[in-house]
Every structure is written in C-alpha cells, then in structure tokens.
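Protein chains in written order, with this note's numbering: chain A, 14 to 243; chain B, 13 to 48. Glycine included, every Cβ here is placed at the ideal spot set by N, Cα and C. Just so you know, these numbers come straight off a predicted model, no measurement behind them.
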Amino acid sequence: MRRFLREQSLSIVFGLLFLAALTGQAIAGWHDYNNLETWHAQLQHEAPQTLSLGRYLTSSSFAQAVTENWQSEYLQFTLFILLTVWFVQKGSPESKRLGEEGGESDADQLVGEHVRDDSPRWARVGGWRTALYANSLVLVMATIWVWSWFAQSVTGWSEYNADRIEHEQSPLSWLQYLGSADFWQTTLQNWQSEFLAVGSMAVLAVFLRQRGSPESKPVGSAHDVTGAEG
Amino acid sequence: LRRRGYAPRMRAMFVIYLVFIVVGLTYFTVIGLTHH
C-alpha cells in the first residue's frame with residue numbers, strides 16, 4: 014500500500030484537491046443560490062423557495078457551474094496535445110525541438126518495424142488498432158471535452174429557461190439556447206483564461222525555471238534549448 | 013504482465029479517474045436533460 018501511494022502520489026494528491034474543491038464549491042454555491050433566492054423573494058414580497066443541499070446537488074445550477082469549467086479544461090488539454098504536434102516554441106520545455114514538427118517517423122515513435130518487446134499490444138499489432146492507439150490520448154480528452162460542453166449546454170439551457178419562465182418570457186429550444194448570449198458568455202469566459210494560461214506557460218518557461226519540476230528546463234539550461242525537460 | 017513492464021496496480025488510478033469522469037458526466041447530463 015505504501016508503495017502504491019508513492020508510485021501514484023501525483024494523481025492521488027490532485028484527486029484529493031479536486032474532491033475538496035468540489036465540496037467547497039457545492040457548499041458555497043448552495044449558500045449563494047439560497048441568498049439570491051431570498052433577496053429576490055423579498056423584493057417580490059413572496060416566501061423564498063430555498064433548496065436543501067441535497068436538492069441543490071441535483072440542480073441545473075450546480076451542474077452547469079461544474080460542467081462549464083470541466084469543458085474548458087479538457088479543451089485546453091486537447092488543444093495543447095494536438096497543437097504541439099505541429100507548432101513549436103523555441104526555448105520552451107513544452108515544445109518539441111525545431112524541425113521535429115508533425116507525426117514523426119516510425120523509428121521515433123517505436124511503431125512498425127521499430128516496436129519493442131515491451132511496447133503496448135495495440136502499438137505492436139499494426140493496422141487500424143495501432144492507428145487508433147496512436148491518437149488515443151487526444152481522442153479520449155476530446156470526447157470528455159465535447160461531452161462536458163454538451164452537459165454544460167443542457168444544464169445551462171434548463172437553468173436559463175427557468176429564469177425566462179420566472180420573468181414571464183417564453184422558454185427557448187435547446188438549439189435556440191446554443192445561439193444565445195448566455196451560452197457563449199459562459200463558454201468563452203472559460204476558454205479565454207485557458208488559452209492565456211497555456212500560452213504564457215509555454216513562453217514564460219523559456220526564461221524562467223523551477224528546480225526539480227519536469228514542467229521546467231533544468232535551472233542551468235540555456236534559454237535557447239528547446240524541449241529539454243528537467 | 014511483468015514482461016510488458018507494468019503491474020496491474022499501475023492501472024488503478026487510470027480506471028478510477030476514467031470511471032469517475034464518465035459517472036460524473038452522465039449524472040450532469042441527466043440533470044440537464046430532465047430539466048432539474
């Protein structure tokens with residue numbers, strides 16, 4: 014067990030941070046929802062329809078808040094994996110070396126006649142299975158992105174229509190919601206921050222260092238060395 | 013399995029993350045589609 018914890022510590026620590034943050038979001042989001050509902054009801058001289066925590070966790074309000082952030086994170090990683098195949102940044106540890114753009118040779122990628130005994134089975138067999146396996150990381154990340162973006166759209170749609178009905182407006186169809194300012198505002202506000210963070214990471218890591226981190230070049234590595242991880 | 017250079021427990025976190033994500037996305041999708 015101790016060996017398991019040590020070998021998997023990165024995913025375990027991030028998993029625990031995720032659960033703690035999600036719990037905090039749920040509790041804060043629940044209070045926020047009930048506060049707004051109470052103020053709104055006071056204004057209308059009505060009794061507030063506050064929710065229990067259990068009911069809030071099954072609400073579109075909570076689901077929309079979670080999924081709009083999930084989709085942008087998975088889009089970020091999907092694009093990062095895919096765009097770094099063809100685009101490079103001289104001096105960045107996040108980039109391949111100049112001249113290595115593209116899918117690279119079978120020798121570089123250890124496929125075809127260059128497979129090893131310990132290569133994964135789908136890398137060894139060739140044909141459609143190797144072609145699929147060669148793109149499996151981006152396919153899974155892109156699937157999670159599209160699915161969470163879809164989940165954001167249906168939960169946001171449900172939430173938006175509840176607001177419209179409350180304000181005596183007719184509800185929108187799902188396709189109409191996809192063209193709404195609300196859907197694109199919640200989508201793009203997340204995308205812009207992800208693109209800025211990835212772009213700045215790629216370029217800041219050319220000149221700045223973190224000793225011991227594989228996301229950084231070695232401290233003494235020259236600024237123009239590309240793709241050398243510490 | 014040893015021959016391929018990994019032990020079955022290496023897969024544990026891989027499976028846990030994927031299952032969690034699929035269950036979570038299913039849950040949130042159902043909430044949206046049932047207009048909660």
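Need the endpoints of the alpha helix (DSSP H) that aspartate 119 (chain A) sits in, please. 119-122
Can you list, in chain order, the residues of its chain whose CB lies under 7 angstroms from that of alanine 120 (chain A), leaving out five sequence neighbours each side? His127
Mind checking if arginine 23 (chain B) is an interface residue toward chain A, Cβ cutoff 7 angstroms exclusive? no
Is the CB of threonine 168 (chain A) under 7 angstroms away from at least one CB in chain B? yes
Just to make sure I have the definition right: I need the residues of chain B whose C-beta is within less than 8 angstroms of the C-beta of isoleucine 157 (chain A). Which are they? Ile33 and Leu37
Alpha-carbon to alpha-carbon, leucine 150 (chain A) and threonine 91 (chain A): 9 angstroms
Going by DSSP in three states, glutamate 107 (chain A) sits in which element: helix, strand or coil? coil
Positions along the stretch 65-90 of chain A whose CB lies within less than 7 angstroms of some CB in chain B: Thr71, Ser72, Ser73, Ala76, Val79 and Thr80
So which of A:Ser166, A:Phe208, A:Val211 and A:Glu181 has the shortest CA-CA distance to threonine 199 (chain A)? A:Ser166
7 angstroms Cβ cutoff met for tyrosine 87 (chain A) and tryptophan 43 (chain A): no
Strictly below 8 angstroms CB to CB, what residues from chain B border glutamine 39 (chain A)? Here the sequence assigns alanine to residue 39 (chain A), which means glutamine is not the residue at that position. The contacting residues do not exist; alanine 39 (chain A) stays about 13 angstroms from chain B at best.
Touch check for the stretch 214-230 of chain A and the stretch 96-105 of chain A: three-plus C-beta pairs under 8 angstroms? yes
Within chain B, partners of phenylalanine 93 (chain A) - CB distance below 8 angstroms: Those do not exist, as phenylalanine 93 (chain A) stays about 18 angstroms from chain B at its closest Cβ, beyond 8 angstroms.
Quick one: which residues of the stretch 223-243 of chain A get their C-beta closer than 7 angstroms to a C-beta of chain B? List them in chain order. none
By the three-class DSSP mapping on this structure, what secondary structure does histidine 58 (chain A) have? coil
Count the other CB atoms, across all protein chains shown, that sit within 10 Å of the CB of methionine 14 (chain A); report buried if there are 16 or more and exposed otherwise. exposed
Return the Cβ separation of serine 161 (chain A) and leucine 45 (chain B) in integer angstroms, given the expectation that the two are a contact with Cβ distance under 8 angstroms. In fact, because the Cβ distance is near 14 angstroms, the residues do not count as touching under 8 angstroms.
Using a Cβ cut-off of 7 angstroms (strictly closer), state whether phenylalanine 17 (chain A) contacts chain B. yes
Of the residues A:Ile40, A:Ala41, A:Thr168 and A:Arg224, which one's Cα is nearest the Cα of glutamate 249 (chain A)? Given that chain A is displayed from residue 14 to residue 243, the structure contains no residue 249 (chain A) and the question cannot be resolved.
Would you call the stretch 177-193 of chain A and the stretch 63-78 of chain A touching, i.e. three or more CB-CB distances under 8 angstroms? no
Out of curiosity, what's the CA-to-CA distance linking glycine 115 (chain A) and valine 98 (chain A)? 5 angstroms
Could you give the uninterrupted runs of the alpha helix (DSSP H) lying entirely in the stretch 157-215 of chain A, keeping only those of 4 residues or more? 187-191
Under 8 angstroms Cβ to Cβ from valine 238 (chain A), same chain only, skipping five residues before and after it: list those, please. Gly104 and Lys230
Judging by CA-CA distance, which residue of A:Ala136, A:Ala215 and A:Val138 is the nearest neighbour of glutamate 228 (chain A)? A:Ala215
Integer Cβ distance of arginine 21 (chain B) from phenylalanine 17 (chain A), believed to fall under 8 angstroms: 6 angstroms
Beta carbon of alanine 76 (chain A) nearer than 7 angstroms to that of phenylalanine 32 (chain B): no
Rounded to whole angstroms, what's the CA-CA distance from glutamine 89 (chain A) to asparagine 47 (chain A)? Just pull it up for me. 32 angstroms
Please look up how many angstroms separate the CB atoms of tyrosine 146 (chain A) and alanine 136 (chain A), rounded, as I've assumed it's under 8 angstroms. 6 angstroms
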